[in-house]
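Structure first, commentary second.
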Amino acid sequence: MKVERNKWQNNFSEWYNELIETAGIQDKRYPVKGMNIWLPYGLRIMRNIEKFIHEEMERTGHQEVLFPALIPETEFQKEAEHIAGFEGEVFWVTHAGHDPLDVRLILRPTSETAMYSMFALWIRSHADLPFKIYQIVNVYRYETKHTRPLIRVREISRFFEAHTAHDSFEDAERQIKEDLEIFDNLAKKLALPYIVSKRPEWDKFPGAYYSLGAEVVMPDGRTLQIGTMHNYKQNFAKAYNIMYEKEDGTHEYVHQTTYGMSERLLAAVIAVHGDDRGMVLPPTIAPIQVVIVPIPKKDSPYDVFAYAREIAEELKTAGIRVHADERDIRPGRKFYDWELKGVPLRIEVGPRDVEGQKAVLARRDTLEKFTVERAELVEKVRETLDAIMENLYARAKEFLDSHIKRVDTLEEAKEVFEDRRGVVEIPWCGEESCGLEMEEILDAKMLGIPYPEEEAKIEGKKCAHCGKDAKFIARFARTY
RNA sequence: GGGGCCGUGGGGUAGCUUGGUCUAUCCUGCCGGCUUUGGGAGCCGGCGACCCGAGUUCAAAUCUCGGCGGCCCCA
1354 MKVERNKWQN NFSEWYNELI ETAGIQDKRY PVKGMNIWLP YGLRIMRNIE KFIHEEMERT
1414 GHQEVLFPAL IPETEFQKEA EHIAGFEGEV FWVTHAGHDP LDVRLILRPT SETAMYSMFA
1474 LWIRSHADLP FKIYQIVNVY RYETKHTRPL IRVREISRFF EAHTAHDSFE DAERQIKEDL
1534 EIFDNLAKKL ALPYIVSKRP EWDKFPGAYY SLGAEVVMPD GRTLQIGTMH NYKQNFAKAY
1594 NIMYEKEDGT HEYVHQTTYG MSERLLAAVI AVHGDDRGMV LPPTIAPIQV VIVPIPKKDS
1654 PYDVFAYARE IAEELKTAGI RVHADERDIR PGRKFYDWEL KGVPLRIEVG PRDVEGQKAV
1714 LARRDTLEKF TVERAELVEK VRETLDAIME NLYARAKEFL DSHIKRVDTL EEAKEVFEDR
1774 RGVVEIPWCG EESCGLEMEE ILDAKMLGIP YPEEEAKIEG KKCAHCGKDA KFIARFARTY
């Protein structure tokens, strides 16, 4: 048994689309384009990811809230850049029954404009700051490009957004640092290596002072943004009149930040860790961490099903998410089935194992099989799950590192995009015009410059486009 | 904005050019039974479809028109 990743890498789109349905993540047949149905198995994985998000939010003192999905046109229009950025893709609610509405409503594409008039009511004094809330809700964007389950959808059904308010730019900056730390903790739980870039001016979040984006490299070499952090400075505060009273009695606008993630996290997990047999789920989020497959044998005196149940009970008591598969189909089919669904560890128990009080463990990530003593089972299972976690991260890190290439010229950059793709890092003078032209020439997007910015600064290199002294390393990639 | 292709059971398809045993093919799936089980077994029985509407015709999955939906290419 060998891990194959041919289709995974060479025909990723097809691999991904098939898997989303066959592995029971989503049903794409819902009759509205870009709106898919979460199936039980997929939802369970997503909930497990969200469990870590909730934990991190609690750890860092964010409070969970839920805002309405509808926003009055009048609120939506308060921040100029924000409207300009979103008005082309919002869904409108224009009627109630047969009558047109006096004030039309939009289905939130994100919740800034829903939240900030309330912030103005809630935040009174410096003692209320920092103010940190978050929610996980569905948001709507009328995507005109090709939609893709979990990646580009018209209803993002698990949209995470944290919104904070602070008494100073410095404290907002501290919040961004905290966001990055939260993201790093979460990424570790998902065994996902990633890069963070500071977005160029022309690709900031509408209304932001600056934006950061975290992305992974997908099997086909395109990047997927899976997290964003924005410092709004006082842009929204001024538009929504969010002020607080300082200790000296004067009033000042708050500084704000936001932090966003979505079901793209699941897309990244599926894509990054998968192989030609299907998904490979990190044990941390796998709904079933261990599946037990009994191998019956006619005329055998041993009850392999009872043995499987005993083992399942033992593992369950040890806190492991386990399932004994007693379906009346052949074991081989069960193997394929659970491999497709990405269960990290399989235990096979046949008459031989019952007799010798043993079990066969089969790792999903490496497809290795080995026999362990029943007495050591719990310990070995724990060890193996940890080893799988580590291996998944290491394998993904290697893939990421080998898909980031630093070059000096546009010709070299072009070659990379023609070959294995990924992220290309090029010296850049920092001028917007140069950046946009390079995007054009490379047929790729500028992700931005490496963050923290100290890592992006370079000396002694020339801008790959205009030839002037380069100030930064700029990252380019084909993106999702 | 311009051009092209396509809608047949849950999924994938044959049939359409030349309308007629199409009472719609095959694979897969699903349900029931027997049998089997260390990597997708086999046999028997069953379920399930022509995107919608109008037209032409003795007769439409097949031809015509309109609608709806999907995909691709170019700008």
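In the numbering used here, the protein residues as written are 1354 to 1833.
No residue lacks a Cβ here, since even glycine has one placed at the ideal position from N, Cα and C.
Under the rule that 16 or more other beta-carbon atoms within 10 Å means buried, what is residue i, buried or exposed?
i     : result
K1404 : exposed
I1682 : exposed
R1390 : Per the sequence shown, the amino acid found at residue 1390 is Ile instead of Arg. I1390 comes out exposed.
A1659 : exposed
V1506 : buried
S1615 : buried
P1421 : exposed
H1583 : buried
A1557 : The question names Ala, but residue 1557 is Lys in the sequence shown. The residue is buried, with at least 16 neighbouring Cβ atoms inside 10 Å.
D1537 : exposed
N1401 : buried
D1532 : buried
Y1689 : exposed
A1433 : exposed
M1354 : exposed
S1786 : exposed
V1769 : buried
K1485 : buried
G1813 : exposed
Q1416 : exposed
Thinking residue i and residue j are a contact (beta carbons under 8 Å), I'd like their distance in whole angstroms, please.
i     : j     : result
L1795 : R1828 : About 11 Å separates the two Cβ atoms, so there is no contact after all.
H1479 : E1600 : 6 Å
G1566 : Y1585 : So it is not a contact: roughly 16 Å between Cβ atoms.
V1713 : Y1655 : About 15 Å; that fails the 8 Å criterion.
M1742 : P1640 : That pair is no contact at about 16 Å.
V1633 : D1718 : 5 Å
P1458 : I1509 : One detail in the question is off: residue 1458 reads as Leu in this sequence, not Pro. That belief does not hold up - the Cβ atoms of L1458 and I1509 are roughly 18 Å apart, past 8 Å.
S1550 : I1802 : 6 Å
L1503 : A1620 : 4 Å
V1642 : L1720 : According to the sequence as given, residue 1642 is Gln; it is not Val. Not really, about 17 Å apart at Cβ, beyond 8 Å.
I1846 : V1702 : The question about residue 1846 has no answer, for the chain in this structure spans 1354 to 1833.
P1546 : K1750 : 4 Å
I1489 : F1472 : Not quite, the Cβ-Cβ distance comes to about 19 Å (not below 8 Å), so this is no contact.
With a threshold of 8 Å on Cβ separation, who are the neighbours of residue i within its own chain once the five nearest residues in sequence on each side are excluded?
i     : result
T1427 : V1456
L1763 : I1779, M1791, I1794, L1795, A1817, H1818
R1774 : D1573, G1574, R1575, H1756, A1830, R1831
H1608 : A1518, H1519, D1520, S1521, F1522, D1524, A1525, N1584, Y1585, K1586, Q1587, A1590
G1602 : none
L1693 : L1372, T1375, A1376, R1630, G1631, M1632
W1555 : E1785, G1788, L1789
P1393 : G1377
L1454 : V1446, T1447, H1448
Shortest alpha-carbon distance to residue i belongs to which of the options?
i     : options                    : result
L1753 : D1524, G1395, H1626        : H1626
E1679 : A1661, A1449, A1592, I1757 : A1661
G1414 : V1570, T1517, F1536, E1808 : T1517
E1440 : R1494, I1509, Y1547, W1555 : R1494
I1645 : A1823, D1481, I1673        : I1673
Y1804 : R1552, K1711, V1696        : R1552
L1419 : E1765, Y1487, E1605        : Y1487
E1357 : F1512, L1745, K1485, D1628 : D1628
T1500 : S1366, G1813, K1798, W1361 : S1366
A1624 : A1515, R1412, K1798, L1745 : L1745
Y1562 : G1580, T1611, V1490        : T1611
M1388 : E1496, L1577, D1481, W1361 : E1496
Identify, in the order they occur along the chain, each residue of the same chain with its Cβ nearer than 6 Å to the Cβ of residue i, setting aside the five sequence neighbours on each side.
i     : result
R1461 : A1422, I1424, A1467, V1492
K1542 : F1405, T1637
E1598 : S1478, H1604
H1676 : I1641, V1644
S1435 : The sequence given here has His at residue 1435, not Ser. Counting only Cβ-Cβ distances below 6 Å, and skipping sequence neighbours, we find P1559, G1560.
E1442 : R1494, Y1495
Among the residues of its own chain, which have a CB less than 7 Å from the CB of residue i, if the five just before and after it don't count?
i     : result
Y1469 : F1589, Y1593, I1595
G1395 : G1377, I1378, Q1379
K1733 : L1714, V1725
T1737 : L1698, L1714, R1716
Looking at the ligand MN, does it come within less than 7 Å of residue i, judged from the CB to the closest heavy atom?
i     : result
F1420 : Ligands in the displayed structure: none, and consequently the ligand MN is not present.
Legend entry - In chain order, each beta strand (DSSP E) run of at least 3 residues that lies wholly inside the stretch 1476 to 1509: 1484 to 1493
Inset, instruction - Could you tell me which uninterrupted beta strand (DSSP E) segments, each at least 3 residues in length, are contained entirely in the stretch 1759 to 1809, listed from first to last along the chain? - result: 1776 to 1781, 1798 to 1803
Inset, instruction - Please list the segments of the alpha helix (DSSP H) lying wholly inside the stretch 1426 to 1468, counting only runs of 4 or more residues, in order along the chain. - result: 1426 to 1429, 1433 to 1439
Inset, instruction - Tell me the start and end of each unbroken beta strand (DSSP E) in the stretch 1635 to 1719 that is at least 3 residues and wholly inside, in chain order. - result: 1643 to 1647, 1675 to 1677, 1698 to 1702, 1711 to 1716
Legend entry - Inside the stretch 1551 to 1608 only - alpha helix (DSSP H) runs reaching at least 4 residues: 1588 to 1593
Inset, instruction - Let me know the beta strand (DSSP E) ranges lying completely inside the stretch 1720 to 1757, each 3 residues or longer, listed in chain order. - result: 1722 to 1726
Legend entry - Ranges of the alpha helix (DSSP H) found wholly within the stretch 1362 to 1428, counting only runs of at least 4: 1365 to 1375, 1393 to 1412
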